[in-house]
Amino acid sequence: MKNTQWMIYTKRADFNALAARFSVSPILARIMINRGVLPEEFGDYLGGSLAELPDARLLRDIDRAADILLEKRDGGRRVRIIGDYDIDGVCSTYILYTGLRALGMRVDYDIPDRIRDGYGLNIKLIERAAEEQVDTILTCDNGIAAVEEIERAKACGLTVIVTDHHEPGHYADGSEKLPPADAVVDPKREGSRYPFHAICGAVVAWKLIGLLFVRCGTELREWEALLPFAAIATVGDVMPLKKENRVIVREGLRAVPGCGNPGLRALLELCGLDQRRLTAYHIGYVIGPCLNAGGRLESAKVGLRMLLEKDPSEAHRLAEHLKELNDERKQVTMDGLREAEAQLDGGKEGVLVVYLPDCHESVAGIIAGKLKERCYRPSIVLTNCSDPELVKGSGRSIEGYHMFQALEAVSDLLVKFGGHPMAAGLTLRREDIGALRQRLNQNAALTEEQLTEKLWIDLALPFSHTSEALVEELARLEPFGQGNEKPVFAQKNVRILSLRVFGKNRNVIKLRLCGEEGTQRDALLFADGDTFLQEKGERECFDILYYPEIDSYMGRNTLQLVLKGWKFRN
1 MKNTQWMIYT KRADFNALAA RFSVSPILAR IMINRGVLPE EFGDYLGGSL
51 AELPDARLLR DIDRAADILL EKRDGGRRVR IIGDYDIDGV CSTYILYTGL
101 RALGMRVDYD IPDRIRDGYG LNIKLIERAA EEQVDTILTC DNGIAAVEEI
151 ERAKACGLTV IVTDHHEPGH YADGSEKLPP ADAVVDPKRE GSRYPFHAIC
201 GAVVAWKLIG LLFVRCGTEL REWEALLPFA AIATVGDVMP LKKENRVIVR
251 EGLRAVPGCG NPGLRALLEL CGLDQRRLTA YHIGYVIGPC LNAGGRLESA
301 KVGLRMLLEK DPSEAHRLAE HLKELNDERK QVTMDGLREA EAQLDGGKEG
351 VLVVYLPDCH ESVAGIIAGK LKERCYRPSI VLTNCSDPEL VKGSGRSIEG
401 YHMFQALEAV SDLLVKFGGH PMAAGLTLRR EDIGALRQRL NQNAALTEEQ
451 LTEKLWIDLA LPFSHTSEAL VEELARLEPF GQGNEKPVFA QKNVRILSLR
501 VFGKNRNVIK LRLCGEEGTQ RDALLFADGD TFLQEKGERE CFDILYYPEI
551 DSYMGRNTLQ LVLKGWKFRN
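570 is the number that the UniProt record's numbering gives the last residue of the sequence shown; the numbers go up by one with no jumps.
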């Protein structure tokens, strides 16, 4: 079992004064300070509107990109959108394709195959476009690093526009390395005046379409109908839910019922979701995985076709297929995770390197992430690939362990690798798996403190202080997600009055709890029920981390607690 340490925020401020100034409770004021929101930002954090979003023209080259596209439209030239195989790439492609079609452009799309083509632009896609007499390539969610590929496109006589949100490369002297495209629109470009760099590829695409609609006098309602897909991509691509992203996600989810997309509506219905009450959680853990499943197990074009489909019955069929693919992905992931855990040597190694020869390579990163969560260790999952002498894999890291630098230090063992501090991809010879495991662990020098997960508590709050009114007020902090996590409260010495374990995999625990002051609450815990019962034994009291929510059933609202952590008392 992983080590955890409970930490309570100790940030200081005059919470009562802030509460009075912004008409919120001191609890809400404290949580916002804990999230790093400055007092002068409280108003924007709690409110903000689409009208206040940064001007698209602050993005470098966006006017140039719009000029080129309008020129190509007027000349009847063919434009091909090339996206990526994940949720951001699918939504970006959908936004550009729908928007450009509305402007009367000759446009089609292509999305690379995860296994066959790999990420982003490649020479094969470019040469195919040239052979098919495409005039212009428009990338989305990729392209900023495709220097050689775009050089080839230019040699083929193609016009290239890049829209992306990833970091540009750099030359040895530190100067920015941009591809030789005709326009490069990316908020992370050097010298960018765009005030918020952490937007996803779909938001960049949405901004470009918005600018084109303004210049062409198109109804902005058509542009706003594309907002839900920018919101879905923002959550699905795990962008920080701060500043502009908060407004896009909040307003985008509210706009889902009015966007009239048959495919999205069908997928929501199949997943049992009410489109009028969508949260970021539903996108991140229900809808997002379905849209990603196409690109993992079959083709990202399945999800894109579903979003583009106008016929409700065909849209439903495609949505059903996506859901089936995601169910298959979940099963493959669970099987792989069980096999991975069986290989661990009591979890004693600081860096986990697991080889799953029969695992589908598209889920290696998911398994690595779940392994990291369960063991709180940097985790790498390797699997077979098309070359019988090589293995490919993905890694997920913990705070304090820079995975890219760790792989850089053993690059002599690697055929190919890339990534950043928290995640990486790699390819190596099968015979070097043992050496990789050994050297990564020799180099790691991870301390017990680094291998202890820290769970942050917003406030010690007896659950007698929780109420429906508090839950409603906490909803003002939504959307919750990356960079804006749900509030976590703590209470000591809670007695278990009753519990039962249910669910297909016995991973849902329903409890009746009593606090020291005598208040009783229902609670839910999502964890392995049998392991929880074994850990509990005869003990009846524990300390808990929780957040409150309203359980609505048959028209009746009940306050309940969702447990995020627990420690039994001896």
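Idealized CB from N, CA, C, for every residue including glycine.
Small disclaimer: the values here were computed from a predicted structure and weren't measured.
Of the listed residues Asp-63, Thr-234 and Gly-365, nearest to Thr-279 (C-alpha basis): Here residue 279 corresponds to residue number 279 of the sequence shown, with the count starting at 1. The shortest Cα separation from Thr-279 among Asp-63, Thr-234 and Gly-365 belongs to Thr-234.
Helix, strand or coil at Arg-500 according to DSSP, with G and I counted as helix: Taking the sequence shown and counting its residues from 1, the one referred to as residue 500 is at position 500. DSSP places Arg-500 in strand when its eight states are reduced to three.
Answer yes if the region 325–342 comes into contact with the region 282–298, meaning at least three C-beta pairs across the two stretches below 8 Å, and no otherwise. yes
Starting from the N-terminal side, write out each stretch of the beta strand (DSSP E) that is 3 residues or longer and does not extend beyond the UniProt domain "DDH" (79–210). 106–110, 136–140, 159–163 and 183–185
Let me make sure I understand the geometry here. Which of Phe-480, Gly-48 and Val-184 has the alpha-carbon closest to that of Leu-208? On the sequence shown, residue 208 is found 208 positions in, with the first residue counted as 1. Comparing Cα-Cα distances from Leu-208 to each of Phe-480, Gly-48 and Val-184, the minimum goes to Val-184.
Would the beta-carbon of Asn-384 be found less than 7 Å away from any heavy atom of the ligand NAD? With respect to small molecules bound, the structure shown includes none, and the ligand NAD cannot be examined in it.
What is the DSSP secondary structure of Gln-450, reduced to helix, strand or coil? Along the sequence shown, read from residue 1 onward, the residue named residue 450 stands at position 450. Three-state result, Gln-450: coil.
Spatial neighbours of Lys-372 within its chain, please: CB distance less than 6 Å, with the 5 preceding and 5 following residues excluded, ordered by chain position. Taking the first residue of the sequence shown as 1, we reach residue 372 at position 372. Same-chain partners within the cutoff: Ser-379 and Arg-396.
So what does Lys-348 bridge to, in DSSP terms? One-based indexing of the sequence shown puts residue 348 at position 348. Beta-bridge pairing links Lys-348 to no other residue.
When DSSP labels each residue in this structure, what does His-282 get in the three-state scheme? The residue labelled residue 282 in the question sits at position 282 within the sequence shown. Of the three classes helix, strand and coil, the one that applies to His-282 here is helix, per DSSP.
Whether Leu-226 touches Gly-263 by CB criterion (8 Å): What you label residue 226 is simply residue 226 of the sequence shown in a count that begins at 1. What you label residue 263 is simply residue 263 of the sequence shown in a count that begins at 1. Result no, Cβ atoms of Leu-226 and Gly-263 do not sit closer than 8 Å.
8 Å Cβ shell around Val-471 - same chain, five flanking residues per side excluded: Taking the first residue of the sequence shown as 1, we reach residue 471 at position 471. Same-chain partners within the cutoff: Pro-548, Glu-549, Ile-550 and Leu-559.
In terms of alpha-carbon separation, which member of Asp-522, Gly-369 and Asn-493 lies closest to Asn-557? Along the sequence shown, read from residue 1 onward, the residue named residue 557 stands at position 557. Ranking Asp-522, Gly-369 and Asn-493 by Cα distance to Asn-557 puts Asp-522 first.
Does the region 11–18 come close enough to the region 32–50 that 3 or more CB-CB pairs lie under 8 Å? yes
Exposure of His-282, with buried meaning 16 or more beta-carbon neighbours within 10 Å: Residue mapping note: residue 282 aligns to position 282 of the sequence shown, counting from 1. Answer is buried; the Cβ neighbour count reaches 16.
Could you pull the DSSP bridge partners for residue 619 from this structure? Examination of residue 619 is not possible in this model, given that the chain is present from 1 through 570 alone.
For the alpha helix (DSSP H) holding Gln-442, just list the boundary residues, first then last. Looking up residue 442 in the sequence shown gives position 442. Counting along the chain, the alpha helix (DSSP H) containing Gln-442 begins and ends at 433–444.
Beta-ladder partner(s) of Tyr-355, from DSSP: Here residue 355 refers to the residue found at position 355 of the sequence shown. Paired residues: Leu-382.
With DSSP as the reference, label Arg-521 as helix, strand or coil. Here the question's residue 521 lines up with position 521 in the sequence shown. Note: Arg-521 maps to strand in three-state DSSP.
If you draw a straight line from the alpha carbon of Lys-416 to that of Ala-435, how long is it in whole angstroms? For the purposes of this step, residue 416 is identified with residue 416 of the sequence shown, where counting begins at 1. For the purposes of this step, residue 435 is identified with residue 435 of the sequence shown, where counting begins at 1. Their Cα atoms are separated by approximately 16 Å.
How far does the beta strand (DSSP E) with His-420 in it reach, from first residue to last? Position 420 of the sequence shown holds residue 420. Taken as a continuous stretch (DSSP letters only), the beta strand (DSSP E) holding His-420 covers 414–420.
Using a Cβ-Cβ cutoff of less than 6 Å, which residues in the same chain neighbour Thr-4 once the five nearest sequence positions on both sides are dropped? Translated into the one-based positions of the sequence shown, residue 4 becomes position 4. Result list for Thr-4: Glu-453 and Leu-455, in chain order.
Rounded Cβ spacing between Arg-495 and Lys-510 (contact assumed at less than 8 Å): Here residue 495 corresponds to residue number 495 of the sequence shown, with the count starting at 1. Here residue 510 corresponds to residue number 510 of the sequence shown, with the count starting at 1. Their Cβ separation, rounded to whole angstroms, is 16 Å, which puts Arg-495 and Lys-510 out of contact at 8 Å.
Looking only at its own chain, which residues have a Cβ that is under 7 Å from the Cβ of Val-238, when we skip the five neighbours before and after it? Within the sequence shown, residue 238 is the residue found at index 238, counting from 1. Gln-482.
Which same chain residues, not among the five before or five after Leu-138, have their C-beta less than 6 Å away from its C-beta? Along the sequence shown, one-based indexing puts residue 138 at 138. Excluding residues within five positions, the ones whose Cβ falls inside 6 Å are Val-79, Ile-81 and Ile-161.
With a threshold of 8 Å, are at least 3 pairs of Cβ atoms found where one atom belongs to the region 101–115 and the other to the region 39–56? no
Three-state secondary structure (DSSP) of Ile-8: Indexing the sequence shown from 1 puts residue 8 at position 8. Looking at Ile-8 - three-state DSSP - the assignment turns out to be strand.
Is the beta carbon of Cys-375 closer than 8 Å to that of Lys-2? Reading the sequence shown from its first residue, position 2 is the one you call residue 2. Reading the sequence shown from its first residue, position 375 is the one you call residue 375. A contact, by the Cβ cut-off of 8 Å.
Please state whether the Cβ-Cβ distance between Gly-284 and Gly-236 is less than 8 Å. Within the sequence shown, residue 284 is the residue found at index 284, counting from 1. Within the sequence shown, residue 236 is the residue found at index 236, counting from 1. Yes, the Cβ-Cβ distance between Gly-284 and Gly-236 is below 8 Å.
Cβ of Gly-27 within 8 Å of Cβ of Leu-563? On the sequence shown, residue 27 is found 27 positions in, with the first residue counted as 1. On the sequence shown, residue 563 is found 563 positions in, with the first residue counted as 1. Gly is not the amino acid found at residue 27; the sequence shown has Ile there. Going by C-beta atoms, Ile-27 is not nearer than 8 Å to Leu-563.
Which of the three DSSP states, helix, strand or coil, is assigned to Gln-331? If you number the sequence shown from 1, residue 331 lands on position 331. Of the three classes helix, strand and coil, the one that applies to Gln-331 here is helix, per DSSP.
In whole angstroms, what is the alpha-carbon distance linking Ser-464 and Thr-519? Reading the sequence shown from its first residue, position 464 is the one you call residue 464. Reading the sequence shown from its first residue, position 519 is the one you call residue 519. Using only the alpha carbons, I get a separation of about 6 Å.
Per DSSP, Val-508 is paired with what? Residue mapping note: residue 508 aligns to position 508 of the sequence shown, counting from 1. Partner(s): Phe-502 and Phe-526.
If I measure Cβ to Cβ from Ile-68 and keep anything under 8 Å in the same chain, skipping five residues before and after, which residues do I get? Translated into the one-based positions of the sequence shown, residue 68 becomes position 68. Excluding positions up to five away in sequence, the list reads Thr-136, Thr-159, Ile-161, Asp-182 and Ala-183.
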